[in-house]
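Worksheet: the structure to be examined is printed underneath.
Residue numbers (UniProt numbering): 1 to 307.
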């Protein structure tokens, strides 16, 4: 999409915004600086009802551009104390509100035309490594365009020996290489029939690599005006994923459990000792007492005999 002002390009559709330049030279306040103001942007076009973007900071002045056409907008400021812009009419002072902003001649309006040049696809970051037999999901493409657009995803594998190639080389110009398309997963077929082993599912942009090499996903977007855009992402699949066994922190994370287990073990040992040893000690005490009684009895009998 483009403006008719100097031919500058802007996008339209879901997620597309028109960004306003600084209004420092047009709006000021006696009680606070420009950066302390908040702004309300009121806009309208020929085909939709008026809209607004409110409570914006000085560096976030924008509003959504949903469709093509002529746009008109006004900006109203509020200072840090909550005081809004005012205007005078018939000797009276009024606050500028959403209800009367389009009637206030003192607040200038700005217009520009927007044309549909088709959807656009923003580049997204990608995890550049995949592994055999491990599900890989391509990041979502950021698509900006008119609502109601359609998107089609396809998956390809680079055909031939690619061991000497780098990801940047392949991704920068994939048309230089030969690619083999991988068919979408078909639930009516056997798991190992055709390309089903890859489990390629366009809806989630995921698949399971079966060989080392480069894989590419492509997307084609077509909007309601039959205008289109295309993009791609490439991933390099290496061998099977390696499992690295790191040190365990189980003992550190379960110190209390180990302490309580140790205490429990000691208590159990104590109980066993009591059960085994204590009866033996009692029997010995009884034997000693009995021997003592026999000794005393014998002494009394000897004294009686002497008398």
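The C-beta atom is built at its ideal place from N, Cα and C for all residues, glycine as well.
For residue 158, the enclosing beta strand (DSSP E) has its first and last residue at 150-158. Of the other Cβ atoms in all chains shown, 16 or more fall within 10 Å of the Cβ of residue 118; this residue is therefore buried. Taking all protein chains shown into account, residue 19 has fewer than 16 neighbouring C-beta atoms within 10 Å of its C-beta and is therefore exposed. Assigned with DSSP and collapsed to three states, residue 175 falls in helix. Straight-line spacing of the CA atoms in residue 90 and residue 104 works out to 13 angstroms. When the five nearest sequence neighbours on each side are left out, the beta carbons in the same chain lying within less than 6 angstroms of the beta carbon of residue 235 are those of 130, 215, in order along the chain. Inclusion of residue 146 and residue 223 in the CB contact set at 7 angstroms is warranted, their separation being smaller than that value.
Taking the Cα of residue 230 as reference, the smallest distance to any Cα among 176, 150, 182 is reached at 150.
Taking all protein chains in view, the Cβ of residue 195 is crowded by 16 or more other Cβ atoms within 10 Å, so the residue is classified as buried.
Taken through DSSP and simplified to helix, strand or coil, residue 31 comes out as coil. Within the same chain, no residue comes within 6 angstroms of residue 28 by CB-CB distance, once the 5 residues on both sides are set aside. Secondary structure of residue 196 (DSSP, three-state): helix.
Remark: C-beta atoms of residue 34 and residue 74 do not approach each other more closely than 7 angstroms. DSSP places residue 220 in the uninterrupted beta strand (DSSP E) bounded by 213-222. Fewer than three Cβ pairs drawn from the segment 173-182 and the segment 108-122 lie within less than 8 angstroms of each other, which leaves the two stretches out of contact. Annotation: residue 263 to residue 207 spans about 53 angstroms, alpha carbon to alpha carbon. In the structure shown, residue 129 adopts extended strand secondary structure according to DSSP, grouped into three states. Annotation: the continuous beta strand (DSSP E) that includes residue 77 extends over 69-78. Rounded to the nearest whole angstrom, the CA to CA distance from residue 62 to residue 158 is 43 angstroms.
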